[in-house]
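Q:
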Amino acid sequence: MSHSALPKRVALVTGGIGGIGTEICRQLARAGRQVIALDLASREERLAVFRDEVAGFDGAIGFEPADVSDFDGCRQQVERVEQRHGSIDILVNAAGITRDASLRKMTPQQWHELMRVNLDGVFNMCRHVVEGMTARGFGRIVNISSVNGQTGQFGQTNYSAAKAGVHGFSMALARETARKGVTVNTVSPGYCDTPMVAAVPAEIRAQIIAGIPVGRLGAPADIARAVAFLSADDAGYITGANLPVNGGYFMSF
Ligand code: CAA
Numbered sequence: 063m064s065h066s067a068l069p070k071r072v073a074l075v076t077g078g079i080g081g082i083g084t085e086i087c088r089q090l091a092r093a094g095r096q097v098i099a100l101d102l103a104s105r106e107e108r109l110a111v112f113r114d115e116v117a118g119f120d121g122a123i124g125f126e127p128a129d130v131s132d133f134d135g136c137r138q139q140v141e142r143v144e145q146r147h148g149s150i151d152i153l154v155n156a157a158g159i160t161r162d163a164s165l166r167k168m169t170p171q172q173w174h175e176l177m178r179v180n181l182d183g184v185f186n187m188c189r190h191v192v193e194g195m196t197a198r199g200f201g202r203i204v205n206i207s208s209v210n211g212q213t214g215q216f217g218q219t220n221y222s223a224a225k226a227g228v229h230g231f232s233m234a235l236a237r238e239t240a241r242k243g244v245t246v247n248t249v250s251p252g253y254c255d256t257p258m259v260a261a262v263p264a265e266i267r268a269q270i271i272a273g274i275p276v277g278r279l280g281a282p283a284d285i286a287r288a289v290a291f292l293s294a295d296d297a298g299y300i301t302g303a304n305l306p307v308n309g310g311y312f313m314s315f
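Each residue of the sequence shown is one higher than the one before, starting from 63 at the first, in this note's numbering.
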């Protein structure tokens, strides 16, 4: 059978219409995946733009509405996607929000809203795809963490905790699935050219950019490239790893 006759692997990308998520969808589609972007139905304006942005992909990028903080909703959506497109082989958890405030001002609401999306969302999605992946003997899970989970950031006790948690979660799940052909890794972006970073006060943003050795914000494509690498069929020996993509902003060994 020729390669092109094989069914396309199905990739689900949460936060799929977002600043980084959209580019992840595009690069995975270019890598021959059938991609489904999962995101909030309420982002209507953004969704209309997204549909234009992916129109050239000839159906290789679809959209399904879902709220990753809703456990049962995630289950229903996973079932729906699998009925329509086939088993989910690749899951990219890119849905994320910020609720920046110094701890002395942070409300329980800011803490919980962020945890529900950035950390519970990863559990909710992985929980519903992992059994199918291990049963079939193939899976690629890539969770988007952040440099700020590695270093901590002023005003981000919630975000830094969740993003560090995402990597701990990924290492633990990597151990549980390693024998079954399923890899679980994180990608830790630095500061990227996205609406999330554009929302940082201009003065603080300028200071941050001045501290990036490469001298610029990351492009969404810089991050998507790492996701495509880790989710490739022949990336099976990389698991439990974190791949930093931060322009040298934080170097570690
Ligand atoms: N380091 C040290 N001191 C700082 C500081 C910093 N980074 N930021 C503020 N301060 C100081 C101020 O100078 C001020 O000092 P004085 O009291 O002596 O005047 C004091 O802290 C102000 O403290 P407040 O609690 O009143 O802070 P605030 O309400 O004015 O602002 C903040 C806090 C909203 C968190 C603001 O600092 C901010 O927006 N920071 C940016 C946070 C950030 O980088 N977020 C990243 C978002 S992008 C992202 O998350 C993507 C990714 O993965 C990289």
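No residue lacks a Cβ here, since even glycine has one placed at the ideal position from N, Cα and C.
Treat the numbers as computed from the prediction; the structure is a model and nothing was measured.
Can you name, in chain order, every residue of its own chain whose Cβ lies under 8 angstroms from the Cβ of GLU175, other than the five neighbours on each side?
A: Excluding sequence neighbours, GLU175 sits near ILE159, ARG161.
Q: Skipping 5 residues on each side, what residues in its chain have a beta carbon closer than 6 angstroms to that of ALA103?
A: If we look at ALA103 and ignore the five residues flanking it on each side, its Cβ neighbours are PRO127.
Q: Tell me the rounded alpha-carbon separation between GLY309 and GLN215.
A: So the alpha carbons of these two residues sit roughly 17 angstroms apart.
Q: How about ASN210: is its Cβ closer than 7 angstroms to a heavy atom in ligand 1?
A: Under cutoff, so the answer is yes.
Q: Nearest-angstrom Cα distance between ALA157 and THR76?
A: The straight-line gap from Cα to Cα measures roughly 5 angstroms.
Q: With distances taken between CB atoms, is the gap from VAL192 to THR239 smaller than 8 angstroms?
A: Yes, the Cβ-Cβ distance between VAL192 and THR239 is below 8 angstroms.
Q: Say the cut is 7 angstroms; is the CB of GLN215 nearer than that to a heavy atom of ligand 1?
A: Because some heavy atom of ligand 1 lies under 7 angstroms away, the Cβ of GLN215 counts as near it: yes.
Q: Between which two residues does the beta strand (DSSP E) containing ILE82 stretch?
A: It is not in any beta strand (DSSP E) - ILE82 carries neither H nor E in the DSSP assignment.
Q: Quick one: is the Cβ of GLN218 within less than 7 angstroms of any heavy atom of ligand 1?
A: Answer for GLN218: yes, Cβ within range of ligand 1.
Q: Short check: CB of LEU90 to CB of ALA290, under 8 angstroms?
A: Yes, Cβ-Cβ distance for LEU90 and ALA290 is below 8 angstroms.
Q: Less than 7 angstroms separating the Cβ of VAL262 from some heavy atom of ligand 1?
A: Checking every heavy atom of ligand 1 against the Cβ of VAL262, one is found closer than 7 angstroms.
Q: Please go through the same chain and pick out, in chain order, the residues whose beta-carbon is closer than 7 angstroms to the beta-carbon of LEU279, but skip the five residues on each side of it.
A: Within the same chain, LEU279 has close Cβ partners TYR253, CYS254, ASP255, VAL259, ILE271.
Q: Got a sec, what are the start and stop residues for the alpha helix (DSSP H) ALA281 sits in?
A: Taken as a continuous stretch (DSSP letters only), ALA281 belongs to no alpha helix (DSSP H), as it is neither H nor E.
Q: Between which two residues does the alpha helix (DSSP H) containing VAL97 stretch?
A: Element bounds for VAL97: not the alpha helix (DSSP H) but the beta strand (DSSP E), 96-101.
Q: Does the structure place the stretch 219-234 close enough to the stretch 110-118 that three or more beta carbon pairs sit under 8 angstroms?
A: The answer is no - the stretch 219-234 does not touch the stretch 110-118, with fewer than three Cβ pairs under 8 angstroms.
Q: Rounding to the nearest angstrom, what Cα-Cα distance links VAL209 and SER314 in this structure?
A: Cα to Cα, the separation comes out at about 11 angstroms.
Q: Which residues mark the beginning and the end of the alpha helix (DSSP H) in which LEU176 is found?
A: Element bounds for LEU176: 170-180.
Q: Going along the chain, which unbroken runs of the alpha helix (DSSP H) with 4 or more residues stay wholly within the stretch 96-167?
A: Whole alpha helix (DSSP H) segments, 4+ residues: 106-115, 133-147.
Q: At a cut-off of 7 angstroms, would you count ILE159 as near ligand 1, judging by its Cβ distance to the nearest heavy atom?
A: No, the beta carbon of ILE159 sits no closer than 7 angstroms to any heavy atom of ligand 1.
Q: Which residue from ALA281, THR213, GLY217 puts its Cα closest to that of THR169?
A: Nearest of ALA281, THR213, GLY217 to THR169, Cα basis: GLY217.
Q: In terms of residue numbering, what span does the beta strand (DSSP E) encompassing THR248 cover?
A: 244-251 is the extent of the beta strand (DSSP E) around THR248.
Q: Here's the rule I'm using: 16 or more other beta-carbon atoms within 10 Å means buried, otherwise exposed. How should GLN138 be labelled?
A: Flag for GLN138 reads exposed.
Q: What does the alpha-carbon distance come out to for the pair GLY199 and ILE152?
A: So the alpha carbons of these two residues sit roughly 12 angstroms apart.
Q: Alpha carbon to alpha carbon, how far is ARG108 from LEU74? Give it in angstroms, no decimals.
A: One C-alpha to the other measures close to 18 angstroms.
Q: Within its chain, find whatever has a CB closer than 8 angstroms to the CB of ILE285; leave out the 5 residues flanking it on each side and keep chain order.
A: Excluding positions up to five away in sequence, the list reads ILE82, GLU85, ILE86, ILE206, VAL249, PRO251, CYS254, VAL307.
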